[in-house]
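>
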Amino acid sequence: MSPLFIVAMFLFIITAFLCVVVFVGRNEVLYKRFFAWWLTFWGVPETLQKNLPTEMYVRQAKILSWLFVFLAAVTFCTGILMLYLELYL
Numbered sequence: 024m025s026p027l028f029i030v031a032m033f034l035f036i037i038t039a040f041l042c043v044v045v046f047v048g049r050n051e052v053l054y055k056r057f058f059a060w061w062l063t064f065w066g067v068p069e070t071l072q073k074n075l076p077t078e079m080y081v082r083q084a085k086i087l088s089w090l091f092v093f094l095a096a097v098t099f100c101t102g103i104l105m106l107y108l109e110l111y112l
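Remember, my numbering sits 23 above the position in the sequence shown when you count from 1.
This is how it looks when you write it as structure tokens:
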């Protein structure tokens with residue numbers, strides 16, 4: 024395998040990850056569950072978790088999901104370009 028092929032596959036893996044982030048960011052229930060898990064993972068007590076403005080974070084996740092859509096499109100197109108260079112040059 025050539026380096027271009029390896030880079031292209033890496034870009035496709037990044038694209039898949041970005042698509043998962045977009046899916047979770049746009050689904051409010053999944054995002055709230057992920058946010059609760061993330062806070063629990065880092066040791067934030069339940070009493071503090073209840074006082075956090077989760078609606079604000081859900082709104083920010085929806086805004087950031089558009090950025091991730093753009094990044095996924097760019098990495099996918101770059102991966103296609105890398106495969107084109109690999110196959111036809």
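For every residue, glycine included, the Cβ atom is placed at its ideal position computed from N, Cα and C.
Kindly indicate which residue of F58, K55, V92, L75 has the alpha-carbon position closest to the one of C42.
Indexing the sequence shown from 1 puts residue 42 at position 19. Closest option to C42, Cα to Cα, is V92.
> Using the Cβ count rule (16 or more neighbours within 10 Å means buried), how would you classify M79?
The count along the sequence shown starts at 1 and reaches residue 79 at position 56. Under this definition M79 is an exposed residue.
> Which of the three DSSP states is assigned to N50 in this structure?
Translated into the one-based positions of the sequence shown, residue 50 becomes position 27. Note: N50 maps to coil in three-state DSSP.
> Since A84 contacts Y54 with CB under 8 angstroms, what's their CB separation in whole angstroms?
As a working mapping, residue 84 is identified with position 61 in the sequence shown. As a working mapping, residue 54 is identified with position 31 in the sequence shown. Right, their Cβ atoms sit about 5 angstroms apart.
> Rounded to whole angstroms, what is the Cα-Cα separation between C100 and S88?
Sequence index remark: in the sequence shown, residue 100 carries index 77 (1-based). Sequence index remark: in the sequence shown, residue 88 carries index 65 (1-based). Each residue's Cα considered, the two are about 18 angstroms apart.
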